[in-house]
Every structure is written in C-alpha cells, then in structure tokens.
Amino acid sequence: MEDKTPEGTAPGPPAGERGAGSDSLARDIEAVLFISPEPVSLEVLAEVTGSQGEELSRAVETVRELYTAPDRGIVFAELAGGYTFRAADGARKAVERFCRRPVDYSLSAAAMETLAIVAYLQPVTRPEIARIRGISADTVVNTLLDKGLLTESGRI
1 MEDKTPEGTA
11 PGPPAGERGA
21 GSDSLARDIE
31 AVLFISPEPV
41 SLEVLAEVTG
51 SQGEELSRAV
61 ETVRELYTAP
71 DRGIVFAELA
81 GGYTFRAADG
91 ARKAVERFCR
101 RPVDYSLSAA
111 AMETLAIVAY
121 LQPVTRPEIA
131 RIRGISADTV
141 VNTLLDKGLL
151 TESGRI
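Anchor point for the sequence shown: position 51 equals 51 in this note's numbering, and the numbering is continuous, going up by one each time.
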C-alpha cells in the first residue's frame, strides 16, 4: 500500500536523497527516462523526484536541451502524454543493422534436452520435465524462458 501525503499525492524521495539543485533533478529525470521502456508523464516524474511546478518544468527543459543537438544519437521526445528518449532519425540505419544481428543461443546439453522434451510432449509442466530428466528443471526452464525459447501458457 502506498503512503499518501495530506494533499493526496504520493510522497517523493526522503529529504536529502536527491541532493540539492536543478542539476541533480535534471540528472534524476534523465536517469528515469533512460530506464523507462515507455514515456513517463510529468505526474510520474513529480512523484519519483519529489519535485513539481516550475522547478520540475525547468529540469525537464534542461534535459530536453541536452538532447536536441543535431549530432546526438539519442533524442528527447514527447510521446503519448509523456517524455522519453528515442534513437535519432540519423542513426536509423545503424540501429536497424544492430536489431537485425543474429542472436547467439548457445545452449547447454541440459537446455537442449529440455527443449526436446517440450517439443515432443508439449504442453508439459515443470514437474513432468523434471521426472523425465531425473533432475530439477527450474534453472534450465528459467534460462529458456529468459532467452525467449519457451513461453508459459499456464501449465509450465
């Protein structure tokens, strides 16, 4: 359960955690936008930084200015009611080539054995895999899930 302040908003970080000044606020915003897989709204930025109003707007503008230079590979963008970073249009070809590179799926013998069991018996549960292999399959199955070679469908 999330604590609420009397005004009904979520509290920001404890006093002193962010540090003083707009430079640290801009740094915090930059870090949040970098790690977020989707655009971050001004409301969420206010919540996680503990800042709001003019101070927050100035810090967002500082980050925007840092990422508007024409030679940057990453640019600041407003999208879907929030802020995000995206690859610059000029870097499109390099990004496309990077995304097309083949993925190395070097697998252990245990992983290959587990994939063979799943391919032959699917749908199959972890206990069934462990019974057939004679050893726990949790680590191998988790590795295969992480690599996107297996998907959970309610029975794994």
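Even glycine gets a Cβ: it sits at the ideal position worked out from N, Cα and C.
Confirm, please, whether the CB-CB distance from L144 to A111 is below 7 Å.
Yes. Within cutoff.
Sub-7 Å separation of T62 and D28 beta-carbons:
D28 is positioned such that its CB atom lies no closer than 7 Å to that of T62.
Whose CA, out of G73, G82, R101, A80, lies closest to the CA of D89?
Taking only the C-alpha atoms, the option nearest D89 is G73.
Helix, strand or coil: how does DSSP classify L33 here?
Secondary structure at L33: helix, using DSSP grouped into helix, strand and coil.
Can you name the start and end residues of the beta strand (DSSP E) that E78 belongs to?
According to the DSSP assignment, E78 belongs to the beta strand (DSSP E) that extends over 74-79.
Is the distance from the Cβ of R86 to the Cβ of A94 below 7 Å?
No, these two residues do not count as a Cβ contact at 7 Å.
Three-way DSSP call (helix, strand, coil) for R101 in this model
If DSSP states are grouped into helix, strand and coil, R101 belongs with coil.
Look up T84 in the DSSP assignment and say whether it is helix, strand or coil.
Under the three-state reduction of DSSP output, T84 falls in the strand class.
Quick one: give me the first and last residue of the alpha helix (DSSP H) that T114 is part of.
109-121 is the extent of the alpha helix (DSSP H) around T114.
Mapping DSSP to helix, strand and coil, what is V40?
Annotated three-state conformation of V40 is strand, per DSSP.
Less than 6 Å between C-beta atoms, sequence neighbours within five positions excluded: which residues of the same chain meet that for R64?
Closer than 6 Å at Cβ, skipping near neighbours: F76.
Take S41 and list the residues in its own chain whose beta-carbon comes closer than 7 Å to its own, dropping the five residues that flank it on each side.
Correct list, in chain order: G81, G82.
Closest to S51 by C-alpha separation, out of D23, T68, R131, would be which residue?
A check of alpha carbon separations from S51 across D23, T68, R131 identifies D23 as the nearest.
Where G154 falls: helix, strand or coil (DSSP):
In the three-state scheme derived from DSSP, where H, G and I count as helix and E and B as strand, G154 is classed as coil.
Suppose you measure from the CA of Q122 to the CA of R131; what does that come to, to the nearest Å?
In a straight line, the C-alpha of Q122 is about 15 Å away from that of R131.
What residue from P70, A69, L45 has the CA that sits closest to R58's CA?
Checked all of P70, A69, L45; the closest Cα to R58 is L45.
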